[in-house]
Amino acid sequence: MKIGIIGIGNIGGTLARKLASAGHEVRVANSKGAEDVRPFAEEIGAAATDTHGAVSGADLVIMSIPLPAIEKLPKDLFKDVPASIPVVDTSNYYPGLRDPQIADLDAGEVESIWVSRQLGRPVIKAFNNILAHSLSELDQPEGSAGRLAVAVAGDDTDAKQLVMGIVDDVGFDPVDGGPLEESWRQQPSTPGYCCDYDAVTMRKALNAAVKGEAPRKRDQLMSKMGALGPNPTHDDVVAMNRSLNPLT
Ligand SMILES: NC(=O)c1ccc[n+]([C@@H]2O[C@H](COP(=O)([O-])OP(=O)(O)OC[C@H]3O[C@@H](n4cnc5c(N)ncnc54)[C@H](OP(=O)(O)O)[C@@H]3O)[C@@H](O)[C@H]2O)c1
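Using my numbering, you'd call the opening residue of the sequence shown number 3 and step up by one each time.
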């Protein structure tokens, strides 16, 4: 498959590496142009391009950039990209901690609906509720006991199926998170967010999410993070995330 990836950081870079090594034709871009991404592209066996080159002719686009940067993408970026091409949104909103306040999100708009509005096209939300370390290091072959899960939400059934296949390709069990309107269930500080759960527990966690609760939990997270100290282990972070929403 021809896969264009915008953003080559913790999440986009890991996906690019894995998808290139799985045999996909991967093109990578950031905000600085093809020359800037070329060393990374050459290292992983991908092609270096710019944001327009990443989406042009792609069978799948993965956007893995900070949520506020989505507003800064060229307004015509997806003009010639057919509506049937899945565009994956991996983003999360961390106001105060990392991101500036965005009024619509503070008023409760579902994050990926907001992203979809900025891009003027539908998106599939995926890879937002797994930690970068888990994505990079904790993949397992299909059928492995305890294989970790990634939730995938979106409205177009074919696009969602394709993205669920990519989740499987990179070593995780895809779990259907429902339509995009329901994707608040996998946003930061919900029960299934970055907790290293398998598919059965991920489904339980998505069902256990309560609309409107996550922002309050997110504020609790800030003090819990402070208590972890400057260099928490991956296990510490997962335990902290689980403790926000204990599953019975
Ligand atoms: N880190 C995690 O554990 C994790 C887990 C799940 C989801 N996420 C979410 O996934 C997204 C990416 O996270 P990350 O940790 O991978 O971020 P990151 O390491 O900071 O990487 C962000 C990438 O986006 C690029 N970028 C920034 N602005 C851009 C623009 N306007 N146009 C094109 N490229 C741009 C950056 O390159 P330049 O700045 O050089 O252009 C960089 O390659 C975020 O929304 C994050 O919330 C992160």
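All residues carry an ideal CB built from backbone N, CA and C; glycine is no exception.
These numbers were taken from a predicted model, which means no experiment stands behind them.
How many Å lie between residue i and residue j at the Cα?
{"i": "L208", "j": "R149", "result": "17 Å"}
{"i": "W116", "j": "V125", "result": "10 Å"}
{"i": "A24", "j": "G110", "result": "38 Å"}
{"i": "A147", "j": "K77", "result": "44 Å"}
{"i": "L17", "j": "H26", "result": "11 Å"}
{"i": "D237", "j": "L140", "result": "12 Å"}
{"i": "A201", "j": "P176", "result": "7 Å"}
{"i": "V152", "j": "M204", "result": "8 Å"}
{"i": "E45", "j": "G11", "result": "14 Å"}
{"i": "T159", "j": "G98", "result": "35 Å"}
{"i": "L164", "j": "I87", "result": "10 Å"}
{"i": "A241", "j": "C197", "result": "7 Å"}
{"i": "E215", "j": "A71", "result": "26 Å"}
{"i": "R89", "j": "Q142", "result": "Per the sequence presented here, residue 89 reads as Val, with Arg not at that position. Each residue's alpha carbon lies about 25 Å from the other."}
{"i": "F80", "j": "T53", "result": "10 Å"}
{"i": "P41", "j": "G9", "result": "14 Å"}
{"i": "E113", "j": "S185", "result": "8 Å"}
{"i": "D38", "j": "K74", "result": "18 Å"}
{"i": "G173", "j": "G47", "result": "19 Å"}
{"i": "S33", "j": "Y199", "result": "33 Å"}
{"i": "L107", "j": "Y96", "result": "10 Å"}
From which residue to which residue does the beta strand (DSSP E) around residue i run?
{"i": "D38", "result": "D38 -> not in any beta strand (DSSP E); alpha helix (DSSP H) instead, spanning A36 to I46."}
What residues are listed by DSSP as bridge partners for residue i?
{"i": "V63", "result": "G6 and V89"}
{"i": "K127", "result": "D91 and A155"}
{"i": "L1", "result": "Limits of the chain in this structure are 3 at one end and 250 at the other, which puts residue 1 out of reach."}
{"i": "A50", "result": "V30"}
{"i": "P97", "result": "D101"}
With distances taken from CA atoms, which of the options is nearest residue i?
{"i": "R100", "options": "K81, L75 and I67", "result": "I67"}
{"i": "V239", "options": "S136, A48, K4 and S33", "result": "S136"}
{"i": "P217", "options": "Y195, G59 and Y199", "result": "Y195"}
{"i": "K206", "options": "M224, L133, G179 and Q222", "result": "G179"}
{"i": "A161", "options": "R220, V39 and I64", "result": "I64"}
{"i": "A211", "options": "L230, M224 and Q188", "result": "Q188"}
{"i": "D221", "options": "P232, P190, G47 and L249", "result": "P190"}
{"i": "A128", "options": "D91, L107 and E113", "result": "D91"}
{"i": "S225", "options": "T235, K74 and N243", "result": "N243"}
Provide the residue span of the alpha helix (DSSP H) that contains residue i, from first to last.
{"i": "A31", "result": "Per DSSP, A31 belongs to no alpha helix (DSSP H); it is in the beta strand (DSSP E), E27 to A31."}
{"i": "P217", "result": "A216 to L230"}
{"i": "P176", "result": "No alpha helix (DSSP H) contains P176, which is instead part of the beta strand (DSSP E) from D175 to D178."}
{"i": "W186", "result": "Neither: W186 is in no alpha helix (DSSP H) and is coded neither H nor E."}
{"i": "I115", "result": "E113 to L121"}
{"i": "D108", "result": "A105 to D108"}
{"i": "D82", "result": "No alpha helix (DSSP H) holds D82; DSSP gives it neither H nor E."}
{"i": "L208", "result": "A201 to A210"}
{"i": "K20", "result": "N12 to S23"}
{"i": "V240", "result": "H236 to L246"}
{"i": "V172", "result": "Here V172 belongs to no alpha helix (DSSP H), and DSSP marks it neither H nor E."}
{"i": "E144", "result": "E144 -> no alpha helix (DSSP H), and no H or E assigned at all."}
{"i": "P70", "result": "L69 to I72"}
Just to confirm, is the Cβ distance from residue i to residue j under 9 Å?
{"i": "P69", "j": "I104", "result": "What sits at residue 69 in the sequence shown is Leu, not Pro. Yes, they are a contact pair."}
{"i": "L62", "j": "G6", "result": "yes"}
{"i": "G55", "j": "R29", "result": "yes"}
{"i": "L182", "j": "S93", "result": "no"}
{"i": "L133", "j": "P193", "result": "no"}
{"i": "A60", "j": "V83", "result": "yes"}
From the beta carbon of residue i, is the nearest beta carbon of chain C less than 9 Å away?
{"i": "R220", "result": "Of the protein chains in the structure, only one exists, and it is not chain C."}
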